[in-house]
Amino acid sequence: MQHSFDASPKAQSVVVAAAAEGGRPGGGRGVEQQCDLVRDVQSCESAKRAWYTASDDWYWASHASYSYSSTTTYDTVWLGNYTGPLSTFCDGVPRASGPAPTTTTLGQIYVNSIPPAFPSPSPTCTFDYRGCELVVESYRSWYATSHPATVDPPLPPLCEWGPNECIIPAGEQHCRLDAGEVKLIFWPQSKDPSQLCANNAVPKTPAPTPTTPVIAISDNYTFTSPSVYLSFKQLQGLPCYKTWHSAIVPVPSTAISSLVFGQTSPIERTTSVNWADMNSPVPLSAYQAQQSCWDNWLGVRGTAAGGDGCSTVYDDYLPWLALPTEPAYFTAVDPLFANCSDLFWRKYVFDPPYYLTPVGELLPPSLTAAKTSSATTDGVSAQQQQQPSATLTVPVKTTTIAPLRSGAAGPIATVGTQTVSADPRHPHNVVIGGATMVPGQVSAIGTTPIVVRTGAVVIGDKTIALPPAADTTARPVATVGGVEIAEDDEGNFV
Numbered sequence: 001m002q003h004s005f006d007a008s009p010k011a012q013s014v015v016v017a018a019a020a021e022g023g024r025p026g027g028g029r030g031v032e033q034q035c036d037l038v039r040d041v042q043s044c045e046s047a048k049r050a051w052y053t054a055s056d057d058w059y060w061a062s063h064a065s066y067s068y069s070s071t072t073t074y075d076t077v078w079l080g081n082y083t084g085p086l087s088t089f090c091d092g093v094p095r096a097s098g099p100a101p102t103t104t105t106l107g108q109i110y111v112n113s114i115p116p117a118f119p120s121p122s123p124t125c126t127f128d129y130r131g132c133e134l135v136v137e138s139y140r141s142w143y144a145t146s147h148p149a150t151v152d153p154p155l156p157p158l159c160e161w162g163p164n165e166c167i168i169p170a171g172e173q174h175c176r177l178d179a180g181e182v183k184l185i186f187w188p189q190s191k192d193p194s195q196l197c198a199n200n201a202v203p204k205t206p207a208p209t210p211t212t213p214v215i216a217i218s219d220n221y222t223f224t225s226p227s228v229y230l231s232f233k234q235l236q237g238l239p240c241y242k243t244w245h246s247a248i249v250p251v252p253s254t255a256i257s258s259l260v261f262g263q264t265s266p267i268e269r270t271t272s273v274n275w276a277d278m279n280s281p282v283p284l285s286a287y288q289a290q291q292s293c294w295d296n297w298l299g300v301r302g303t304a305a306g307g308d309g310c311s312t313v314y315d316d317y318l319p320w321l322a323l324p325t326e327p328a329y330f331t332a333v334d335p336l337f338a339n340c341s342d343l344f345w346r347k348y349v350f351d352p353p354y355y356l357t358p359v360g361e362l363l364p365p366s367l368t369a370a371k372t373s374s375a376t377t378d379g380v381s382a383q384q385q386q387q388p389s390a391t392l393t394v395p396v397k398t399t400t401i402a403p404l405r406s407g408a409a410g411p412i413a414t415v416g417t418q419t420v421s422a423d424p425r426h427p428h429n430v431v432i433g434g435a436t437m438v439p440g441q442v443s444a445i446g447t448t449p450i451v452v453r454t455g456a457v458v459i460g461d462k463t464i465a466l467p468p469a470a471d472t473t474a475r476p477v478a479t480v481g482g483v484e485i486a487e488d489d490e491g492n493f494v
């Protein structure tokens, strides 16, 4: 049985008391005004509830005609026919360039019947903000005291959920968030492949803080290291379920966690993100922590499905994310989050696909180097940072060298006196002055910006393709006494 708020003297006294506690006038004409506001809110709520009930009855009634819509789902199937080059490091794990060999097949088609539109227009009345505030305070006061079981509780005020009102008192618990897709924007790190064999346990450490902050600007948004960024195409939340489009939330690198999947207990656990794992070469332990590797999670690469159990590492590492629940991180999206004591995600972990985007991948193909002396703190909004003090466009002589053959090492360009070389063991990396740069990293030689992309490097206004990976598979050259003798890519017999 449904009940709406009434305007009885008892209800009005609760409303007036709530107003008085808030420091607002509650006597004389002020009391009458408060009651008028409450009655207006109740009248509008009554009209809206009646319309919602009638439209719901209409939806479930029988109609002479319907329109239809369909939704198609697709399944991913393992092919296992990769024939490209493989490379190995000290850990002996085969690594391939590009994504794992899978294909998409038709799954299910769901057809939905849609009844004709409800003929009656929705009520056009609106809620007065102060009147809604009083009704919400009265509702909360009712639940803050005990009542006999025979007394029907009041219904939650409709106006509380209106995005234009969005009444959220300080200390609000369980503010919700919901997003269908998230893009994680991060700052890649260079790493030495020999670290794969340094020890068995890769340390879980946050991204290192550079001595001088790195600043990148994309679509008028300033990204500042070492913060990482959550980019939402659409974000919904708060008790009133407001909607924000193209929301970007800067958070500390330590605030992001990922899920580790496995075959044995615990089959799922949360761990802090190891940012070094985001860059190639990805350790096998991290790569096999993906859900797609395991039969008990119905993974496409599980052995029961004909997969390889993720025994070969491809360039498709995509960990599941556990997003932060600290309300303070989201005040840049809406100041009302400051009134939330905690928040939760409707789906705390987002289903793939995810997008792990190095900052460098966001930048335009033609760049200028930025010079700044500003400092930053991990997790501080990039919009609060000092803008670059100058943008330099002084040209530095850049010489492009003829393309290299597959897997060849050597220089691909010179910038001033510095040489940019291809990494023969990693087709997407380049080496500058002995330091390796991975896809997405941003650097500069003098005033010439350098961005490494997948399969190419952008130097100033020039894009240079990188040579494909070398096939490091040992090649048989002879068989002696039943033992096969092979030659590796460096000319050694193994």
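Residue numbers (UniProt numbering): 1 to 494. Glycine included, C-beta positions come from ideal geometry on N, C-alpha and C.
Review point. For E326, which of C340, P335, L336, Y314 has the nearest alpha-carbon?
Key: Sequence index remark: in the sequence shown, residue 326 carries index 326 (1-based). Per the C-alpha coordinates, the member of C340, P335, L336, Y314 positioned closest to E326 is C340.
Exercise for review: Locate the beta strand (DSSP E) running through residue 502, then write down its first and last residues.
Suggested key: This structure cannot settle anything about residue 502, because the visible part of the chain is limited to 1 through 494.
Check your understanding: For R176, which residues from the same chain have a beta carbon less than 7 Å from its beta carbon, with the 5 sequence-adjacent residues on both sides left out?
Key -> Mapped onto the sequence shown, residue 176 falls at position 176. Annotation for R176: G237, L343, F344, R346 place their beta carbon closer than 7 Å to its own, counting only its chain and skipping 5 residues before and after.
**Study point:** chain C contact for T463 (CB, 9 Å cutoff)
**Key:** This model lacks chain C altogether; it includes just one protein chain.
Exercise for review: Between the Cα of W320 and those of Q108, G302, Q263, S258, spot the shortest distance and give me the residue it belongs to.
Suggested key: Position 320 of the sequence shown, counting from 1, holds the residue named residue 320. Nearest option by C-alpha distance: S258.
Check your understanding: Helix, strand or coil: how does DSSP classify E181 here?
Key -> Indexing the sequence shown from 1 puts residue 181 at position 181. Coil.
Review point. Per DSSP, K462 forms a beta bridge with which residues?
Key: Here residue 462 refers to the residue found at position 462 of the sequence shown. Its beta-bridge partners are I459.
Point to revise | Beta-bridge pairing of R176 - partner residues as DSSP gives them | key: In the sequence shown, counting from the first residue as 1, residue 176 sits at position 176. In DSSP, R176 forms a bridge with F344.
Exercise for review: Give the single residue among S443, Q34, P85 whose Cα lies nearest to the Cα of P425.
Suggested key: As a first step, residue 425 must be located in the sequence shown, where it is residue number 425. What sits at residue 425 in the sequence shown is Arg, not Pro. P85 is the residue among S443, Q34, P85 whose C-alpha sits nearest the C-alpha of R425.
Practice item. Specify the secondary structure class of R425 as computed by DSSP and reduced to three states. Key: Residue mapping note: residue 425 aligns to position 425 of the sequence shown, counting from 1. DSSP, read as helix, strand or coil, puts R425 in coil.
Check your understanding: Which residues in the same chain have their Cβ closer than 7 Å to the Cβ of V135, if we skip the five residues on either side of it in sequence?
Key -> One-based indexing of the sequence shown puts residue 135 at position 135. Within the same chain, V135 has close Cβ partners F5, V38, V41, P157, C159.
Point to revise | Spatial distance of P153 from D57 (CA atoms) | key: As a working mapping, residue 153 is identified with position 153 in the sequence shown. As a working mapping, residue 57 is identified with position 57 in the sequence shown. For P153 and D57, the gap between their C-alpha atoms comes out near 24 Å.
Review point. Does the Cβ-Cβ distance between S218 and V438 come in under 9 Å?
Key: The count along the sequence shown starts at 1 and reaches residue 218 at position 218. The count along the sequence shown starts at 1 and reaches residue 438 at position 438. No, the pair does not count as a contact, with Cβ atoms beyond the cut-off.
Review point. Ends of the beta strand (DSSP E) at R269?
Key: Numbered from 1 along the sequence shown, position 269 holds the residue referred to as residue 269. For R269, the uninterrupted beta strand (DSSP E) segment begins and ends at 268-272.
Check your understanding: Between N200 and the rest of its own chain, which residues show a CB-CB distance below 8 Å, the 5 nearest in sequence each way excluded?
Key -> Here residue 200 corresponds to residue number 200 of the sequence shown, with the count starting at 1. Residue confidence for N200 is low, a pLDDT of 49 falling below 50, so the modelled location carries little weight and cannot support an answer.
Check your understanding: T76 and V300: beta carbons closer than 9 Å?
Key -> Along the sequence shown, one-based indexing puts residue 76 at 76. Along the sequence shown, one-based indexing puts residue 300 at 300. Closer than 9 Å, so yes.
Review point. With 16 as the cutoff for other CB atoms within 10 Å, does V452 come out buried or exposed?
Key: Residue numbering aside, residue 452 sits at position 452 when the sequence shown is read from its first letter. In summary, V452 is buried, with 16 or more beta-carbon neighbours lying within 10 Å of its beta-carbon over all protein chains present.
Check your understanding: Alpha carbon to alpha carbon, how far is D128 from L184?
Key -> On the sequence shown, position 128 is the one that residue 128 refers to. On the sequence shown, position 184 is the one that residue 184 refers to. Going from the Cα of D128 to the Cα of L184 covers about 39 Å.
Exercise for review: Rounded to whole angstroms, what's the CA-CA distance from P226 to N296? Just pull it up for me.
Suggested key: Numbered from its first residue, the sequence shown carries residue 226 at position 226. Numbered from its first residue, the sequence shown carries residue 296 at position 296. Linking P226 to N296 through their CA atoms gives a straight-line distance of about 37 Å.
Review point. To which residues of the same chain is Y229 closer than 8 Å at the C-beta, ignoring the five residues directly before and after it?
Key: Locating residue 229 in the sequence shown gives position 229, counting from the first residue. Excluding residues within five positions, the ones whose Cβ falls inside 8 Å are L184, I185, F186, F223, I248, V249, P250, V251, A382.
Exercise for review: Give a yes or no on whether the C-beta atoms belonging to A444 and V431 are separated by under 9 Å.
Suggested key: Residue numbering aside, residue 444 sits at position 444 when the sequence shown is read from its first letter. Residue numbering aside, residue 431 sits at position 431 when the sequence shown is read from its first letter. Between A444 and V431, the gap from beta carbon to beta carbon reaches 9 Å or more.
Check your understanding: According to the neighbour-count rule (16 or more other Cβ atoms, all chains shown, within 10 Å of its Cβ), is P266 buried or exposed?
Key -> Sequence index remark: in the sequence shown, residue 266 carries index 266 (1-based). By the beta-carbon neighbour count (other beta carbons within 10 angstroms, threshold 16), P266 is exposed.
Review point. On the three-state DSSP scale, how would you describe G84?
Key: Stepping through the sequence shown from its first residue, residue 84 is reached at position 84. Coil, per DSSP.
Check your understanding: Where does K397 fall in DSSP's three states?
Key -> In the sequence shown, the residue the question calls residue 397 occupies position 397. Residue placement at K397 is flagged as unreliable, the pLDDT there being 40, under the threshold of 50; the coordinate-derived value follows with that caveat. In the structure shown, K397 adopts coil according to DSSP, grouped into three states.
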